[in-house]
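Take a look at the structure below.
In this note's numbering, the protein residues as written are 6 to 94.
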């Protein structure tokens, strides 16, 4: 296996991680590795706002459980998060 070396590793290919990695790579002579555990956003449903729910049970999303909300009598609820290059909302 070929071993690669970089000056910087940016962990997380969400919106901010992609911007940080791109700026570091384009505005310096540093080599930058962008590391993302998800895949490229190839799922067509990701790009159609009305159908994003089709991605909720796929490898392209995670459901983070919220902290208890005092204003909702301690209710916790799932908060879907994109798990693809570019992140999710």
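All C-beta atoms, glycine included, are put in the ideal place defined by N, C-alpha and C.
So residue 71 and residue 89 are in contact, right, with Cβ under 8 Å, and what is the actual spacing, rounded? Actually they do not touch by this definition, with Cβ atoms about 21 Å apart.
Taking the C-alpha atoms as reference points, what is the distance between residue 37 and residue 61? 31 Å
What runs of the beta strand (DSSP E), each 3 residues or longer, lie entirely inside the segment 23-71? 37-40 and 66-70
One question on the structure: do residue 35 and residue 12 come within less than 7 Å of each other, judged by their Cβ atoms? yes
For the beta strand (DSSP E) holding residue 86, just list the boundary residues, first then last. 83-87
Starting from residue 74, trace the beta strand (DSSP E) both ways and give me its first and last residue. Unbroken run through residue 74: none, as it is neither H nor E.
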